[in-house]
Amino acid sequence: MDNVINRRGEVWVFIEAVHGKVADISLELLSKGRELADTLHVALAGMLLGKDVSPLARTVISRGADKVYVGDHPLLERYQANAYAKAAVELIAKHHPQIVIYGASAIGRDLAPRIASAMRAGLTADCTDLEIGDHEDPVTKEVHKDLLYQIRPAFGGNIIATIVNTWGWPQMATVREGVMRMPDEVAGRTGDVITARPELALADVITNVLGEEPREHKVNLKGARVIVAGGSGVGSKDNFKLVYDLANVLGAAVGASRAAVDKGFIDKAHQVGQTGTTVRPALYIALGISGQVQHRAGMDESAKVVAINRDPDAPIFSIAHYGVVADLNDVVPMMIRAIRKRV
Amino acid sequence: MPYNIVVLAKQVPDTKAVTAKAMKDDGTVNRQALPAIFNPDDLYALELGLTLKDSYGGRVTVITMGPPQAAEILRESLYRGADKVVLVTDRRAAASDTLATSYILSCAVRAAAPFDLVICGRQAIDGDTAQVGPQLAEKLGLPQMTYVESVESVSGGKITARRNTDYGAEVVEGPLPMLLTITDKAKPPRYPAMKRVMQFKKATTAAAAAAAGKTPPDDHLLIDEWNLDHIKADVDRCGQKGSPTNVKRIQAIVLTGSSYKQIKPNQEGVEGLIHELIEDHTIG
Numbered sequence: 215m216d217n218v219i220n221r222r223g224e225v226w227v228f229i230e231a232v233h234g235k236v237a238d239i240s241l242e243l244l245s246k247g248r249e250l251a252d253t254l255h256v257a258l259a260g261m262l263l264g265k266d267v268s269p270l271a272r273t274v275i276s277r278g279a280d281k282v283y284v285g286d287h288p289l290l291e292r293y294q295a296n297a298y299a300k301a302a303v304e305l306i307a308k309h310h311p312q313i314v315i316y317g318a319s320a321i322g323r324d325l326a327p328r329i330a331s332a333m334r335a336g337l338t339a340d341c342t343d344l345e346i347g348d349h350e351d352p353v354t355k356e357v358h359k360d361l362l363y364q365i366r367p368a369f370g371g372n373i374i375a376t377i378v379n380t381w382g383w384p385q386m387a388t389v390r391e392g393v394m395r396m397p398d399e400v401a402g403r404t405g406d407v408i409t410a411r412p413e414l415a416l417a418d419v420i421t422n423v424l425g426e427e428p429r430e431h432k433v434n435l436k437g438a439r440v441i442v443a444g445g446s447g448v449g450s451k452d453n454f455k456l457v458y459d460l461a462n463v464l465g466a467a468v469g470a471s472r473a474a475v476d477k478g479f480i481d482k483a484h485q486v487g488q489t490g491t492t493v494r495p496a497l498y499i500a501l502g503i504s505g506q507v508q509h510r511a512g513m514d515e516s517a518k519v520v521a522i523n524r525d526p527d528a529p530i531f532s533i534a535h536y537g538v539v540a541d542l543n544d545v546v547p548m549m550i551r552a553i554r555k556r557v
Numbered sequence: 134m135p136y137n138i139v140v141l142a143k144q145v146p147d148t149k150a151v152t153a154k155a156m157k158d159d160g161t162v163n164r165q166a167l168p169a170i171f172n173p174d175d176l177y178a179l180e181l182g183l184t185l186k187d188s189y190g191g192r193v194t195v196i197t198m199g200p201p202q203a204a205e206i207l208r209e210s211l212y213r214g215a216d217k218v219v220l221v222t223d224r225r226a227a228a229s230d231t232l233a234t235s236y237i238l239s240c241a242v243r244a245a246a247p248f249d250l251v252i253c254g255r256q257a258i259d260g261d262t263a264q265v266g267p268q269l270a271e272k273l274g275l276p277q278m279t280y281v282e283s284v285e286s287v288s289g290g291k292i293t294a295r296r297n298t299d300y301g302a303e304v305v306e307g308p309l310p311m312l313l314t315i316t317d318k319a320k321p322p323r324y325p326a327m328k329r330v331m332q333f334k335k336a337t338t339a340a341a342a343a344a345a346g347k348t349p350p351d352d353h354l355l356i357d358e359w360n361l362d363h364i365k366a367d368v369d370r371c372g373q374k375g376s377p378t379n380v381k382r383i384q385a386i387v388l389t390g391s392s393y394k395q396i397k398p399n400q401e402g403v404e405g406l407i408h409e410l411i412e413d414h415t416i417g
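Chains as they are written, first to last, in this note's numbering: chain A, 215 to 557; chain B, 134 to 417.
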């Protein structure tokens, strides 16, 4: 597999089609892909694989793509690593995009490494941001213009690393769900749809799914990079919607203090603290949580703590990096707006 | 029917032990302050290999790539029940990214042939990429089952396993040989057996024995040591040379809670806060 350094190459987003719909993560990537393509003055394209998926191309274009490459084949009806990787490699090798980004979903993390290995291309996992910038090789002093900065937390989230690849193109990365803005739908936006039938045989589909067991989304506080937690100050079960709204725009997990759990605002599975889960996220946002020692013991190793509470003497402020002394009902909607705007 | 099982494991710094205490004054991680441990997911991979051997018979070979001190996790593998352990160590392999690492491991696994199953942990806690498993599968020309939580059966040249997806779980079936990556939802790892600890605590590589001025250990206490030449790796595809991705910059996330900033509860204040959190990559 030859690696072509195609500086005029397009920016591609792998479009995950699940149950006849474009996955949210793929839409989020289109907003970042649009930025990168505009900076590079090249086209943004979606790579859409599946069976009879052409109708979804319209959604991809309406969310910012200039083109959609559709690899349509009956054998791509459901995701399978070998077949999807083969079809994707065929498209990438034909069109030489300079960047290909994937969602860091179960599918993206299964697929992208296989493609990278087959193409001997660089791949950075789980990025939280992507930028375009120049890079001077520290040894040769050669300056590489307009590379993809692949920015990701590493070392258990304790450092942020910026990765570049000067060779082994296309530059590829998987991107974490919930960290990019969801692009607005633009009705009437037009673009090209290029449909091709990948070369696939039954022998390329090597594993079979025998059965599926959908599960309710488990509360995953331990693995969350960002946690938005509510306390008794949230006031009611209904008002916990605010906590969820903020968590949703941040792609965060929802936590709670024992007081909120005891008052029946939220299930115990969300409880953070000595009798609940101990967490160490990159960011912990405490809403209406006074910060009793039992709660603090479960979250005081968070890298950043933002506390919002009406009581200026609430102990939570003693471990916070940022404090807002105010009613969370006023502040949370402002935060949601600011995050949506990417100020 | 007995199976030849290869388990891949990595020695990693215990990143969970990174607290404010393990940080240097400049806000960077003091790696020396962190204990080196058996990568947690890899213990689940080893456990699965041993469980399959218990059920069907066969042989479990554990391979690790790393500096000579990574032999420690190979001894731990012997304590838990591995039949053979191999240390792949070579200065020319240093600074390998996931592409180069998977290439080197593919050469090592081929050198350990024959194999019916190659089992890896889902990801290593120092990099958390989860890329090496699928990349290794591709390099070995094997199909893969990632995020496996249990193996239902292995028979008639086929394996059936339950794996996690974004929407729940699915049961998948595929032919042998197969590469699996295992999550921590799988059966918890067994403890080292006291008898085996006594039996294998002196297991070492020939090089380590020589360095300590001792005669090479008996065969059953020998940890095989392979370099890139033994496994017929093309050195241009290893180490820094074989790694397309390079770290351009590292920013430490300072863990001390010493700085406190009061934010005004108005639009300007809140926007300033969000801006700072985006700027330092706390949020994307």
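No residue lacks a Cβ here, since even glycine has one placed at the ideal position from N, Cα and C.
- Not a single C-beta of chain B is nearer than 8 Å to the C-beta of H310/A.
- The beta carbons of R329/B and L183/B sit no closer together than 8 Å.
- In this structure, DSSP gives H535/A a state outside helix and strand, which the three-state scheme calls coil.
- Look at the beta carbons and you see the stretch 337 to 347 of chain B touching the stretch 355 to 372 of chain B: at least three pairs across the two are nearer than 8 Å.
- For N163/B, the nearest beta carbon of chain A is not closer than 8 Å to its own beta carbon.
- Listed in chain order, the positions of the stretch 288 to 301 of chain A with a beta carbon within less than 8 Å of a beta carbon of chain B are A295, N296, A299.
- The distance from the Cβ of L269/B to that of S239/B is about 6 Å, consistent with a contact at the 8 Å cut-off.
- In terms of Cβ geometry, Y177/B and R370/B do not form a close pair [threshold 8 Å].
- Annotation: the continuous alpha helix (DSSP H) that includes Y458/A extends over 454 to 464.
- I408/A is the residue among I408/A, R390/A, Q508/A whose C-alpha sits nearest the C-alpha of K281/A.
- In terms of CA proximity to A233/B, Q373/B leads the group A150/B, Q373/B, L141/B, G402/B.
- The Cβ-Cβ distance between I315/A and E345/A does not fall below 8 Å.
- Your pair A332/A and A299/A checks out as a contact, with CB atoms roughly 6 Å apart and the cut at 8 Å.
- Look at the beta carbons and you see the stretch 354 to 363 of chain A touching the stretch 377 to 391 of chain A: at least three pairs across the two are nearer than 8 Å.
- Looking at the DSSP output, C253/B shares a beta bridge with L141/B, T314/B.
- In the structure shown, V475/A adopts helical secondary structure according to DSSP, grouped into three states.
- The DSSP-derived three-state label of A366/B is coil.
- E282/B is outside the set of residues whose beta carbon lies under 8 Å from a beta carbon in chain A.
- In this structure, the CA atom of V400/A is about 6 Å from the CA atom of R277/A.
- Residue contact with chain B for P327/A: present (Cβ-Cβ distance below 8 Å to some residue of chain B).
- Looking from the CA of T293/B, the closest CA among L406/B, R323/B, P308/B belongs to P308/B.
- The C-beta distance from G512/A to T491/A rounds to 7 Å, short enough to meet the 8 Å contact threshold.
- Think of a sphere of 8 Å around the beta carbon of I229/A: no beta carbon from chain B falls inside it, the nearest being about 15 Å out.
- Taking 8 Å as the CB threshold, E426/A lines the interface with chain B.
- Unbroken alpha helix (DSSP H) runs of no fewer than 4 residues, entirely contained in the stretch 480 to 510 of chain A, are found at 507 to 510, following chain order.
- Using a Cβ distance threshold of 8 Å, R395/A and R248/A do not count as a contacting pair.
- Taken atom to atom, the span from the alpha-carbon of L337/A to that of H310/A is near 16 Å.
- Beta-bridge partners assigned by DSSP to Q384/B: I374/A.
- Interface annotation, L270/A: not in contact with chain B, CB-CB separation never under 8 Å.
- A straight line joining the alpha-carbon of M331/B with that of K265/A spans about 58 Å.
- In the DSSP assignment, H287/A falls outside any beta strand (DSSP E) and carries neither an H nor an E.
- Beta-bridge partners assigned by DSSP to N172/B: none are found.
- Taking each of L258/A, E242/A, K308/A in turn and checking the Cα distance to V225/A, the smallest one comes out for L258/A.
- Using a Cβ distance threshold of 8 Å, I411/B and G402/B do not count as a contacting pair.
- For a Cβ distance threshold of 8 Å, residue set T421 of chain A lies close to M278/B, ordered along the chain.
- Between the alpha carbons of R328/A and A375/A lies a gap of roughly 23 Å.
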